[in-house]
Amino acid sequence: MRGSPLNFQPWIPGAAWGDVMEPRPHGGRFRAVRRITTALLWTLIAVPIQMVLIRVSTRAAMSFARTYHSGLCRVIGLKIQVVGQPCTAPSVLYVSNHSSWLDILVLGAVLQASFVSKAEVGQWPVAGTVARLGRTIFVSRKRNGTGKEAREIQDRLAGGDSIILFPEGTSNDGTRVLPFRSSFLTVAQDAKQLQPISLVYDRLGGLPACRRDRPFFAWYGDMDLATHFWRIARRSGARATVLLHEPADPAAFADRKALTAAVSDVVADGAALLRQNRAVVPLRLRVPTPRG
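In structure tokens, the structure reads:
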């Protein structure tokens, strides 16, 4: 006997798969309190250690920064899967998509490099101190400061440091990769290698994440950081996958716009595959063939 037709009711209007999947259960408050308390204690332990290391050895300080970020990921229950190999040459410019403050923890746990961040982060309590101890380069949105900040990045690359850059210029809801701004890659000429990275949060509650789950991880616009941290801390079974694409020499590209287009395409293509929960391999930058 034929049953009654299914009456789908989306729990999030307009969300893909929201009409065929029930809302994933939230974890308890005890889990969130435990994780947040442990994260604060770990930070209180790590900050004095980093303050000493940064005065003694830059290499040791950068290595400990990885330990700190990795520890935070474990504390909040975020697993990391890495596909591909990080470029170990000096003066690498890592270029990634950006959807959340979680990207800092994930990439900081995988790569031994410094971040480029908006100047406002340096004024945040706790997070600003941690960022400065991680040798973050703060960039203002005022044009009169961009030249000085670009020179700082160039000097750091010339000195052998590696840098992590988010050329979208902002974070988003995690369902797409925004167009890269070519101005962000002005400093690429000072890097010996450039490695594109696709970063996607692909598991939640131990199950493959679908489209309706992406905004859960995303932090953008005027979202409150503390509220978002609380939401993340309540959930279990979360995972981020970092797809490290093949590194390339920025000098192989005719100009900055050609480089930006190639990097943007690879990062977006890799992220699209990860969002579809497909098996992935590192992609290679397409170097335009000179006409002639």
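Heads up: the sequence shown begins at 1 in the UniProt record's numbering, then just goes up one per residue.
Glycine is no exception: its CB is placed at the ideal position from the N, C-alpha and C atoms.
Inter-residue spacing [alpha-carbon to alpha-carbon] between aspartate 153 and phenylalanine 180: The residue you call residue 153 lines up with position 153 of the sequence shown. The residue you call residue 180 lines up with position 180 of the sequence shown. Note that residue 153 is isoleucine in the sequence shown, not aspartate. One C-alpha to the other measures close to 18 Å.
What does DSSP give as the partner residues of valine 242 in its beta bridges? As a working mapping, residue 242 is identified with position 242 in the sequence shown. Its beta-bridge partners are Val82, Leu199.
What are the start and end residues of each continuous alpha helix (DSSP H) run of 4 or more residues lying completely inside the UniProt domain "Phospholipid/glycerol acyltransferase" (92–202), in chain order? 102–110, 127–133, 143–158
Under 8 Å, with one C-beta from each stretch per pair, do the stretch 46–54 and the stretch 107–125 reach the 3-pair mark? no
Under 9 Å between the Cβ atoms of residue 314 and serine 198? Residue 314 is absent from the structure shown; the chain starts at 1 and stops at 292.
Burial state of isoleucine 232 (16 or more Cβ within 10 Å): Counting from one through the sequence shown, the residue named residue 232 turns up at place 232. By the neighbour-count rule (16 or more Cβ atoms within 10 Å), isoleucine 232 is buried.
Can you pull the DSSP bridge partners for alanine 248? Counting from 1 along the sequence shown, the entry for residue 248 is found at position 248. DSSP, once it has assigned bridges, lists Leu194 as partnering alanine 248.
Could you compute how far the alpha carbon of alanine 131 sits from the alpha carbon of isoleucine 164? Numbered from 1 along the sequence shown, position 131 holds the residue referred to as residue 131. Numbered from 1 along the sequence shown, position 164 holds the residue referred to as residue 164. Cα to Cα, alanine 131 sits roughly 13 Å from isoleucine 164.
Under the DSSP definition of a beta bridge, which residues are partnered with proline 208? Numbered from its first residue, the sequence shown carries residue 208 at position 208. DSSP, once it has assigned bridges, lists Arg203 as partnering proline 208.
Out of Arg278, Ser264, Arg176, which has the shortest C-alpha to C-alpha gap to arginine 284? Numbered from its first residue, the sequence shown carries residue 284 at position 284. When only C-alpha atoms are compared, the closest one is Ser264.
Give me the Cβ distance between threonine 136 and phenylalanine 115, rounded to the nearest whole Å; I'm assuming they're in contact under 8 Å. By 1-based counting over the sequence shown, the position of residue 136 is 136. By 1-based counting over the sequence shown, the position of residue 115 is 115. Rounded, the Cβ-Cβ distance is 5 Å, consistent with contact.
N-terminal and C-terminal residue of the alpha helix (DSSP H) that valine 56 is part of: In the sequence shown, the residue the question calls residue 56 occupies position 56. Here the alpha helix (DSSP H) through valine 56 covers 29–56.
Assuming proline 196 and valine 267 make a contact with CB atoms under 8 Å, what is their CB distance in whole Å? As a working mapping, residue 196 is identified with position 196 in the sequence shown. As a working mapping, residue 267 is identified with position 267 in the sequence shown. Their Cβ separation, rounded to whole angstroms, is 5 Å, which keeps proline 196 and valine 267 in contact under 8 Å.
Three-state secondary structure assigned by DSSP to tyrosine 68: Locating residue 68 in the sequence shown gives position 68, counting from the first residue. Tyrosine 68: helix per DSSP, three-state reduction.
On the CB-based measure, 16 or more other CB atoms within 10 Å of its CB, does alanine 251 come out buried or exposed? Indexing the sequence shown from 1 puts residue 251 at position 251. With fewer than 16 other Cβ atoms within 10 Å, it is exposed.
Measure the C-alpha to C-alpha separation of alanine 65 and alanine 254 and round it to an integer number of angstroms. Here residue 65 refers to the residue found at position 65 of the sequence shown. Here residue 254 refers to the residue found at position 254 of the sequence shown. For alanine 65 and alanine 254, the distance between alpha carbons rounds to 36 Å.
Cutoff 7 Å; reference valine 280; Cβ partners in own chain excluding five residues on either side: In the sequence shown, counting from the first residue as 1, residue 280 sits at position 280. The residues are Val83, Leu243, Gly270, Leu273, Leu274.
Cβ neighbours of glutamine 193 in the same chain (closer than 6 Å, five flanking residues each side left out): Here residue 193 refers to the residue found at position 193 of the sequence shown. Excluding positions up to five away in sequence, the list reads Cys87, Ala89, Val92, Pro247.
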